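First the structure, in the form of structure tokens, and then the observations on it.
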């Protein structure tokens, strides 16, 4: 029973894992030829492990190899052969930690094919970048640059096709990655951005059965018309335009059939791999996984999403030029959500349109103001701000209104929590180390040593846009991430407040948009105004901040 990593000059790098279904073909350009070779096989003990045990052992070994791959994508594979042999020794012990409960073992077996496919693609892509680095030293910089762009495109297509094939949480994670053009190569962003609203559609007949079962009537009795071509297909649902019997145009969001089981399997697979990440300097992984699991599970409850939307709508200031669709309550259930259809442009389409340059910076400024208000004043925060969930509605005079969609992930913060976050924000802006330390502690952050240095370093990086004279033109997201990873390596963050997972997810998407479009706006006033409102009885503190 072996796990084999193979590399040859015609097809690039492939990884064969025991029990894995054959990988589906992808359209890729040829890489430059090289003499074929095979990495050493990973021996797993025969006779001492059951068949399922052997499969999971190989998965753990490969997962450990990938777990070492931190930092720059071109440094993903440090020493494949050495790591493979080393981690194989841990496979049985890691497996034992996952099989205490017989029910969990059976569930893990169901999840194995999906987990295997993910690990195989990750290892294949990682080894391909290692091969590129080796060849780049021979072919010269110009040829290497062309080869690297082709490799980026091929690798991104592999991930795209994997996500489309598997759907579920893995697709959602790739959506989040596509929101960071400041961190990913443009070839990756171009391909993965298709996952925001261009996922291949589920046949409408499959959705028709679900709609009619949920609403208890034939589709023709519910809608005057129902567009068979979807408006969008995402990780968990598909959206179709329709017309109600009274002529009202609506958007019908339908949960994909079978998605509940896929989510359950993927979350189990992720939790099974958690022991592989223990001891790595990447923050509080368990809290992160717990919160992401909770949010993804929550997204399967469309009745809860309707309630989230109502709370968010109630928190929007009247003059904000921000709005959300209304809900058709009588036609909405836990698996079907019928909403007002808002005709608008996708946010990124609007921002990329040269004709909208006069409105672009103002709209991005409005997005920053809205997010600050959500976090510090309204207390209802949209947790899934990728561009596919943001539209721009144009008035007759051309003035844009920002439209928020998809409220499956919403974070609510009470007044005490908002005040605590505002106190931390003021301390970071004023560079008040003593208050930073108290605030981080009060919010529940902890480092391995107990010292606040790592937290302060990360906080300063995040608040950099508020410094006097700061400009997006000089922003280097890659360098910022490397500095943060360096701080983690020096003294890891072992505990974070659960809400920070969703806040980080939302803010990362907004930061990616700002870093990509580099608007000529000063975010300081919006942030400081929200801080002042959150600290209404201490708003004078904002006036003392020298930015």
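Numbering (the numbering used here), first residue to last: 39 to 585.
Even for Gly, the Cβ is constructed at its ideal location relative to N, Cα and C.
Note that the structure is predicted; figures quoted are calculated from it, not measured.
Quick one, are the C-beta atoms of residue 403 and residue 564 less than 8 Å apart?
Position 365 of the chain shown, counted from the first residue, corresponds to residue 403. Position 526 of the chain shown, counted from the first residue, corresponds to residue 564. For residue 403 and residue 564, yes; Cβs fall inside 8 Å.
Tell me which residues share the same chain as residue 450 and place their Cβ nearer than 8 Å to its Cβ, disregarding the 5 neighbours each side in the sequence.
The residue given as residue 450 occupies position 412 in the chain shown. Closer than 8 Å at Cβ, skipping near neighbours: 349, 417, 418, 419.
Looking at residue 12: is its Cβ nearer than 8 Å to the Cβ of residue 388?
The requested residue 12 does not occur in the structure, where the chain is confined to residues 39 to 585.
Would residue 530 pass as a contact of residue 489 if the rule is Cβ separation under 8 Å?
As a position in the chain shown, residue 530 is number 492, starting the count at 1. As a position in the chain shown, residue 489 is number 451, starting the count at 1. Cβ atoms of residue 530 and residue 489: not closer than 8 Å.
Run through DSSP, which three-state label would residue 492 get?
Here the question's residue 492 lines up with position 454 in the chain shown. Under the three-state reduction of DSSP, residue 492 is assigned to helix.
Any idea if residue 471 is buried or exposed, counting beta-carbon neighbours within 10 angstroms, 16 or more meaning buried?
Residue mapping note: residue 471 aligns to position 433 of the chain shown, counting from 1. Classification of residue 471: exposed, given that the 10 Å Cβ count is below 16.
Nearest residue (CA-CA) to residue 395, options 437, 282, 493:
Translated into the one-based positions of the chain shown, residue 395 becomes position 357. The shortest C-alpha separation from residue 395 is found at 437.
Per-residue burial, residue 224 [other beta carbons within 10 Å of its own, 16 or more giving buried]
Locating residue 224 in the chain shown gives position 186, counting from the first residue. It counts as exposed.
CA nearest to the CA of residue 333, picked from 361, 211, 499, 283:
For this step, residue 333 is matched to residue 295 along the chain shown. It is 211.
Which whole runs of the beta strand (DSSP E) in the stretch 187-266 are 3 residues long or more, in chain order?
261-264
Distance, Cα to Cα, residue 307 vs residue 423?
Within the chain shown, the letter at position 269 stands for residue 307. Within the chain shown, the letter at position 385 stands for residue 423. Near 26 Å, if we compare the C-alpha coordinates of residue 423 and residue 307.
What would DSSP say about residue 356, mapped onto helix, strand or coil?
Within the chain shown, the letter at position 318 stands for residue 356. Collapsing the DSSP output to three states places residue 356 in coil.
Distance, Cα to Cα, residue 291 vs residue 187?
For the purposes of this step, residue 291 is identified with residue 253 of the chain shown, where counting begins at 1. For the purposes of this step, residue 187 is identified with residue 149 of the chain shown, where counting begins at 1. About 37 Å.
What ranges does the alpha helix (DSSP H) occupy inside the stretch 423-484, keeping only unbroken runs of at least 4 residues that lie completely in it?
453-468, 471-481
Flag this pair as yes or no: are the beta carbons of residue 329 and residue 539 separated by less than 8 Å?
On the chain shown, position 291 is the one that residue 329 refers to. On the chain shown, position 501 is the one that residue 539 refers to. Result yes, Cβ atoms of residue 329 and residue 539 sit closer than 8 Å.
Return the bridge partner residues of residue 383 from the DSSP annotation.
Position 345 of the chain shown holds residue 383. 430.
Quick one: what's got a C-beta closer than 7 Å to residue 240's C-beta in the same chain, skipping five residues either side?
Counted from its first residue, the chain shown places residue 240 at position 202. Within the same chain, residue 240 has close Cβ partners 271, 276, 294.
Given 8 Å, three or more beta-carbon pairs between the stretch 255-264 and the stretch 339-346:
no
With 16 other CB atoms within 10 Å as the buried threshold, where does residue 480 fall?
In the chain shown, counting from the first residue as 1, residue 480 sits at position 442. Exposed is the call here.
Let me know the secondary structure DSSP gives residue 287 once reduced to three states.
As a position in the chain shown, residue 287 is number 249, starting the count at 1. Residue 287 carries a strand assignment under DSSP once its states are collapsed to helix, strand and coil.
Residues bridged to residue 276 [DSSP beta-bridge criterion]
Within the chain shown, the letter at position 238 stands for residue 276. DSSP output for residue 276 lists 271, 292 as bridge partner(s).
Distance CB(residue 166)-CB(residue 213) smaller than 8 Å:
In the chain shown, counting from the first residue as 1, residue 166 sits at position 128. In the chain shown, counting from the first residue as 1, residue 213 sits at position 175. For the pair residue 166 and residue 213, the CB atoms are not nearer than the 8 Å cut-off.
For residue 378: DSSP bridge partner residues
In the chain shown, residue 378 corresponds to position 340, counting from 1. Its beta-bridge partners are 288.
Which whole-angstrom value describes the C-beta separation of residue 557 and residue 390, a residue pair presumed to lie in contact below a C-beta threshold of 8 Å?
Position 519 of the chain shown holds residue 557. Position 352 of the chain shown holds residue 390. Rounded, the Cβ-Cβ distance is 13 Å, inconsistent with contact.
Using a beta-carbon distance below 8 Å, is residue 423 in contact with chain B?
Considering every chain present, this structure includes no chain B. It has just one protein chain.
Closer than 7 Å: is that where the CB of residue 540 sits relative to any heavy atom of the ligand PLP?
In the structure on display, the ligand PLP does not appear, and there are no ligands present to speak of.
Residues that DSSP places opposite residue 281 in a beta bridge:
Your numbering for residue 281 matches position 243 in the chain shown. DSSP output for residue 281 lists 263, 287 as bridge partner(s).
If you draw a straight line from the C-alpha of residue 250 to the C-alpha of residue 257, how long is it?
As a first step, residue 250 is located in the chain shown; it is residue number 212 there, counting from the start. As a first step, residue 257 is located in the chain shown; it is residue number 219 there, counting from the start. Residue 250 and residue 257: Cα-Cα distance of roughly 6 Å.
In whole angstroms, give me the CA-to-CA distance for residue 456 and residue 268.
The residue you call residue 456 lines up with position 418 of the chain shown. The residue you call residue 268 lines up with position 230 of the chain shown. In a straight line, the C-alpha of residue 456 is about 39 Å away from that of residue 268.
Does the Cβ of residue 440 have 16 or more other Cβ atoms within 10 Å, making it buried, or fewer, making it exposed?
Walking along the chain shown from the start, residue 440 turns up at place 402. Residue 440 should be labelled buried.
So what does DSSP say about residue 395, is it helix, strand or coil?
The count along the chain shown starts at 1 and reaches residue 395 at position 357. Looking at residue 395 - three-state DSSP - the assignment turns out to be helix.
Please classify residue 559: is it buried, with 16 or more other beta-carbons within 10 angstroms of its beta-carbon, or exposed?
Walking along the chain shown from the start, residue 559 turns up at place 521. Answer is buried; the Cβ neighbour count reaches 16.
Whole angstroms is fine: what's the gap from residue 157's alpha carbon to residue 434's?
For this step, residue 157 is matched to residue 119 along the chain shown. For this step, residue 434 is matched to residue 396 along the chain shown. Whole-angstrom Cα-Cα distance: 51 Å.
DSSP three-state call for residue 366: helix, strand or coil?
In the chain shown, residue 366 corresponds to position 328, counting from 1. For residue 366, the three-state secondary structure derived from DSSP is coil.
Under the DSSP definition of a beta bridge, which residues are partnered with residue 168?
Counting from 1 along the chain shown, the entry for residue 168 is found at position 130. Residue 168 is bridged by DSSP to nothing; it lacks a bridge partner.
Look at the alpha carbon of residue 194 and the alpha carbon of residue 444, and state the distance between them as a whole number of angstroms.
The sequence position of residue 194 within the chain shown is 156, counting from 1. The sequence position of residue 444 within the chain shown is 406, counting from 1. Between residue 194 and residue 444, the C-alpha separation is close to 26 Å.
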